[in-house]
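Notes for the one structure printed next.
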Amino acid sequence: MGHIVAIVEIAKLLLQRDDRLYTTVLVMHPTLDPSTTKYNESLAASTLPDRMRVINLPRVESITSDTKSSNWLSTLIGGQKPHVKEYVSKMRTQFELSLDAPRLAGFIFDSFATGLKEVANEFGFPWYTFSASGAAFLGCLLHLQALHDEQGVDLTEFKNSDVELKIPTLANPLPAKLLPSALLEKDSLPTVLEQVRALAEARGILVNTFIEFESHAVNSLSNGRTPPIYPVGPIIKQRRDGHDVGSEQSNDYRNMVEWLDDQPPSSVMFLCFGSNGSFREKQVTEIACALENSGHRFLWSLRKPPPAGKWEPPRDYADFQEILPKEFLNRTAKIGKLGLAVEITMDYRKNFRGDNEIIVSADDIMKAIKHVMEGGEQIRRKVKELSGISEKSVMADGRSYSSLGHLVDDIIDNHQRSNSSTYAPSSYFK
Numbered sequence: 001m002g003h004i005v006a007i008v009e010i011a012k013l014l015l016q017r018d019d020r021l022y023t024t025v026l027v028m029h030p031t032l033d034p035s036t037t038k039y040n041e042s043l044a045a046s047t048l049p050d051r052m053r054v055i056n057l058p059r060v061e062s063i064t065s066d067t068k069s070s071n072w073l074s075t076l077i078g079g080q081k082p083h084v085k086e087y088v089s090k091m092r093t094q095f096e097l098s099l100d101a102p103r104l105a106g107f108i109f110d111s112f113a114t115g116l117k118e119v120a121n122e123f124g125f126p127w128y129t130f131s132a133s134g135a136a137f138l139g140c141l142l143h144l145q146a147l148h149d150e151q152g153v154d155l156t157e158f159k160n161s162d163v164e165l166k167i168p169t170l171a172n173p174l175p176a177k178l179l180p181s182a183l184l185e186k187d188s189l190p191t192v193l194e195q196v197r198a199l200a201e202a203r204g205i206l207v208n209t210f211i212e213f214e215s216h217a218v219n220s221l222s223n224g225r226t227p228p229i230y231p232v233g234p235i236i237k238q239r240r241d242g243h244d245v246g247s248e249q250s251n252d253y254r255n256m257v258e259w260l261d262d263q264p265p266s267s268v269m270f271l272c273f274g275s276n277g278s279f280r281e282k283q284v285t286e287i288a289c290a291l292e293n294s295g296h297r298f299l300w301s302l303r304k305p306p307p308a309g310k311w312e313p314p315r316d317y318a319d320f321q322e323i324l325p326k327e328f329l330n331r332t333a334k335i336g337k338l339g340l341a342v343e344i345t346m347d348y349r350k351n352f353r354g355d356n357e358i359i360v361s362a363d364d365i366m367k368a369i370k371h372v373m374e375g376g377e378q379i380r381r382k383v384k385e386l387s388g389i390s391e392k393s394v395m396a397d398g399r400s401y402s403s404l405g406h407l408v409d410d411i412i413d414n415h416q417r418s419n420s421s422t423y424a425p426s427s428y429f430k
């Protein structure tokens, strides 16, 4: 869900930068994800820019709750290839019938959808990819893929290992046991490596970051071994009136904002682990105890995890009481707020089969809370400073703004070199 929102916003930003561009977002969504359906329905034609379309591809019915976690992505991509190919063929036919129709200039694939590069290659169009997780994580994946392919390192042996990895895009060594578990499981590793290998074939990589935030990582990636990097973030959802994911969540959103408005400035902790972020009961209990004992105000996005070993998106709890400690809501009624936040995605220590391998204790969580909220003046000052820089980076003359401009120039220049036609180029996005 979070990736779809980001792709839609990138498509809008490209339109704002050059009136010769047209964007089409092809959305493929798993059968079992209702939040994706609600978001897609909110993208009515009347709410989109004039030169933008959103097309919902047919569902892949072969994905069910019994689909293995390690197989669902390859099943989804494989099932959508014929639909994407069919749509591209229709676009080419439209141009042949009407020279006024926009011409296809290239693709931007989400990092999870690089398996669709075969379609771009078959039609002879350049393609870019979008990394929603930042430059440091992108570099981590590229480094690990190189260790596996070039040095024969078995990444699954890092599971529960005390080895510390020196990764160029990270300023400090990373304990190998904290790697995303999809890299440590034999069932899922081949799929991840296939996705990472595909990055080398991209014409460029858009990254959801800004240089001032990840200067070390961005500079490390500018080594000539990877395609050009375009730091275009932070990608911020352009808010309209209300909320875009249905009336019920619109009310939830308004209630949360009203509650936040009533709190003192800089007094609320926000806990959100993304649209696919969820924990089992034991970890939820540890977090709840830490929040309650800290005494600090909090806003917590809490989602129900899928069954272990099965692919299924996290769901809303019918009643938070079924997972939280007894009377927790009553005891924290004055300082806490629970709800659902669907637009932020971040990685956390989660087993690919659905079980958390590492339980972070309430004591450790509370120490971190107190460090930031009570003694972390330098941290809060740095966060506030970066917040201001991030806003400036996407404004005119900002570094992310300039990076997006370089991307647009590359799309158009490459299209004009490839086509002698003077008709306006178009962009086609997934």
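Sequential numbering of the sequence shown, starting at 1, is according to UniProt numbering.
Yeah, the Cβ is synthetic: ideal placement off N, Cα and C, and Gly gets one too.
No experiment lies behind these values; they were computed from the predicted model shown.
Exercise. Pull up the DSSP beta-bridge partners for F298, would you.
Key: Beta-bridge pairing links F298 to M269 and G336.
Self-check item: Candidates F279, G224, E391 and H371: closest to I236 by CA position
Solution: The residue with the shortest Cα to Cα distance from I236 is E391.
Practice problem: Name the one or two DSSP bridge partners that P231 has. | Solution: Within the DSSP secondary-structure output, P231 pairs in a beta bridge with V207.
Self-check item: Reference S400; option with closest CA among S361, L299, V232 and E292
Solution: Nearest of S361, L299, V232 and E292 to S400, Cα basis: V232.
Exercise. Determine, using beta-carbon pairs with one atom in the region 166 to 184 and one in the region 93 to 110, whether at least three such pairs fall under 8 Å.
Key: Counting Cβ pairs under 8 Å, fewer than three are found: no touch.
Practice problem: List the whole-angstrom C-beta distance separating K85 from V119, where the pair is believed to meet the contact cut-off of C-beta under 8 Å. | Solution: Taking C-beta atoms under 8 Å as the contact rule, K85 and V119 qualify, at a distance of about 5 Å.
Quiz item: So, helix, strand or coil for K304, using DSSP?
Solution: In the structure shown, K304 falls within a strand segment according to DSSP collapsed to helix, strand and coil.
Quiz item: Is there a Cβ from chain C that is less than 8 Å from the Cβ of F123?
Solution: Checking the listed chains, one finds no chain C in this structure; it contains a single protein chain.
Quiz item: Relative to the C-alpha of residue 433, which residue among S131, A136 and D18 is closest?
Solution: With the chain running from 1 to 430 in the structure shown, residue 433 is simply not present.
Quiz prompt | Through-space distance from S98 to A146, alpha-carbon basis | solution = Distance between the alpha carbons of A146 and S98 is about 46 Å.
Quiz item: Which value, in whole angstroms, describes the spacing of the CA atoms of P126 and S42?
Solution: Going by C-alpha positions, P126 is about 30 Å away from S42.
Quiz item: So, using beta-carbon positions, are K12 and M52 closer together than 8 Å?
Solution: For K12 and M52, yes; Cβs fall inside 8 Å.
Quiz item: Are the beta-carbon atoms belonging to H143 and I108 less than 8 Å from one another?
Solution: Against a cut-off of 8 Å, the Cβ pair of I108 and H143 comes out as no contact.
Exercise. Kindly indicate which three-state DSSP category A6 falls into: helix, strand or coil?
Key: If DSSP states are grouped into helix, strand and coil, A6 belongs with the helices.
Exercise. Answer yes or no: do L193 and L138 have a C-beta to C-beta separation smaller than 8 Å?
Key: In this structure, L193 sits away from L138, with a CB-CB distance that is not shorter than 8 Å.
Quiz prompt | Nearest neighbour of L179, chosen from L199, A200, E157 and T191 [CA to CA] | solution = With distances taken between Cα atoms, L179 lies closest to E157.
Quiz item: Nearest-angstrom Cα distance between R303 and A288?
Solution: About 14 Å.
Quiz prompt | Own chain, CB closer than 6 Å to A176, minus 5 neighbours either side, in chain order | solution = Taken in chain order, the residues that qualify are F158, S161, V163 and L165.
Practice problem: Check the C-beta distance from S131 over to I205 and give it rounded, since I have them as a contact under 8 Å. | Solution: At roughly 6 Å, the Cβ-Cβ gap stays under 8 Å, so S131 and I205 are in contact.
Quiz prompt | Sheet register partners of E292 (DSSP bridge) | solution = Per DSSP, none; premise fails for E292.
Exercise. Could you say which of Y87, V196 and E150 lies nearest to K114 if we only look at CA atoms?
Key: According to the sequence displayed, residue 114 carries Thr and not Lys. Among Y87, V196 and E150, the Cα nearest to that of T114 belongs to V196.
Quiz item: What is the rounded straight-line gap between the Cα of L183 and the Cα of L189?
Solution: Cα atoms of L183 and L189: separation of roughly 5 Å, rounded to the nearest angstrom.
Quiz prompt | Exposed unless 16 or more other CB atoms sit within 10 angstroms - verdict on N330 | solution = Flag for N330 reads exposed.
Quiz item: What are the boundary residues of the alpha helix (DSSP H) that includes V88?
Solution: Counting along the chain, the alpha helix (DSSP H) containing V88 begins and ends at W72 to L97.
Quiz prompt | Option in D110, T285 and W300 with minimal Cα separation from V268 | solution = Check the Cα spacing between V268 and each of D110, T285 and W300: the tightest is with W300.
Exercise. Name, in chain order, the residues that DSSP records as bridge partners for R53.
Key: R53 is bridged to T24.
Quiz item: By DSSP, does E118 sit in helix, in strand, or in coil?
Solution: Under the three-state reduction of DSSP output, E118 falls in the helix class.
Self-check item: Bridge partners - P175, DSSP secondary structure assignment
Solution: In the DSSP output, where bridge partners are listed per residue, P175 has E164.
Quiz prompt | Under 8 Å between C-beta atoms of I365 and D18 | solution = For I365 and D18, no; Cβs fall outside 8 Å.
Quiz item: What do you get for V88, buried or exposed, if any count of 16 or more other CB atoms within 10 angstroms of its CB means buried?
Solution: Counting Cβ neighbours within 10 Å, V88 comes out buried, since at least 16 surround it.
Self-check item: Integer Cβ distance of L210 from P234, believed to fall under 8 Å
Solution: It should be noted that the sequence gives Phe, not Leu, for residue 210. F210 to P234, Cβ: 6 Å. Contact.
Quiz item: Which residues mark the beginning and the end of the alpha helix (DSSP H) in which S402 is found?
Solution: Start and end: R399 to S418.
Quiz item: When we look at the beta-carbon of H406 and count the other beta-carbons within 10 Å, is it buried (16 or more) or exposed?
Solution: With fewer than 16 other CB atoms across the displayed protein chains lying within 10 angstroms of its CB, H406 is exposed.
Practice problem: Compare the C-alpha of L15 against each of P49, G124, V54 and H3 and name the closest. | Solution: Closest option to L15, Cα to Cα, is P49.
Quiz prompt | Extent of the continuous alpha helix (DSSP H) to which L43 belongs | solution = Segment: none, L43 is in no alpha helix (DSSP H) and carries neither H nor E.
Quiz item: Where do the N-terminal and C-terminal ends of the alpha helix (DSSP H) with I191 fall, by residue?
Solution: Residue identity differs from the one stated: residue 191 is Thr in this sequence, not Ile. Element bounds for T191: L189 to L199.
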